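Scroll down for the structure; my scribbles are underneath it.
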Amino acid sequence: MYEAFLTKIKNDFSNYRFIDGEKFAFRPPKTIVLGPEEPFYELLTLHEISHAILKHKDFRTDAERLKMENAAWDKARELADEYGVEISEMIIQRELDTYRDWLHKKSRCPVCGLTRFQTPDGKYHCPRCENFVIEA
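Going by our numbering, the sequence shown opens with residue 2, and the numbers climb by one from there.
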């Protein structure tokens with residue numbers, strides 16, 4: 002169903018390797034995994050290509066990961082115009098919500114339930130359980 006789209010994409014981005022998989026993903030530095038066909042297949046493909054174009058590979062904090070996801074969706078919006086792909090803000094927000102929900106769940110302290118903060122080394126800390134003192 003998406004043969005013409007994929008042919009054009011694979012020609013335009015011939016420096017990348019495209020493989021089929023269970024879900025859409027970018028595997029740095031040059032592999033784009035194409036998930037199963039679904040109504041927004043083209044948009045999700047452009048999102049993964051966007052990660053590749055933006056050279057996304059590593060992140061230290063979860064907030065950096067969310068920032069990368071937003072950047073990839075911004076780039077996908079640009080590519081969508083070029084490739085005549087329908088933009089669905091509902092789908093984009095649904096996809097971003099999976100990361101927001103994951104981040105919210107991960108940031109909750111398993112002991113007291115307070116929202117923890119993440120330091121640049123990627124570790125989470127609870128201000129209550131770790132007895133942080135904030136100096137005035």
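Each residue gets a CB set at the ideal place from its N, CA and C atoms; glycine is no exception.
Quick caveat, the model's predicted, so the values are computed rather than measured.
What is the C-beta distance between L80 and L104, in whole angstroms, given that I count them as a contact (C-beta under 8 Å)? Indexing the sequence shown from 1 puts residue 80 at position 79. Indexing the sequence shown from 1 puts residue 104 at position 103. Contact flag wrong, Cβ pair sits at about 26 Å.
Write down the C-beta distance between L45 and F25 rounded to the nearest angstrom, noting that I regard them as a contact closer than 8 Å. Taking the first residue of the sequence shown as position 1, residue 45 is located at position 44. Taking the first residue of the sequence shown as position 1, residue 25 is located at position 24. Contact flag correct, Cβ pair sits at about 5 Å.
By alpha-carbon positions, which one of Y42, P37, L35, P121 ends up nearest to R66? Counting from 1 along the sequence shown, the entry for residue 66 is found at position 65. For the residues Y42, P37, L35, P121, the minimum Cα distance to R66 belongs to P121.
If I measure Cβ to Cβ from F41 and keep anything under 7 Å in the same chain, skipping five residues before and after, which residues do I get? Residue 41 sits at position 40 when you count from the first residue of the sequence shown. Within the same chain, F41 has close Cβ partners S89, I92.
Would the beta-carbon of A53 fall within 9 Å of that of Y84? What you label residue 53 is simply residue 52 of the sequence shown in a count that begins at 1. What you label residue 84 is simply residue 83 of the sequence shown in a count that begins at 1. No, these two residues do not count as a Cβ contact at 9 Å.
Look at the alpha carbon of D13 and the alpha carbon of F6, and state the distance between them as a whole number of angstroms. In the sequence shown, residue 13 corresponds to position 12, counting from 1. In the sequence shown, residue 6 corresponds to position 5, counting from 1. Per the coordinates, the alpha-carbon of D13 lies some 11 Å from the alpha-carbon of F6.
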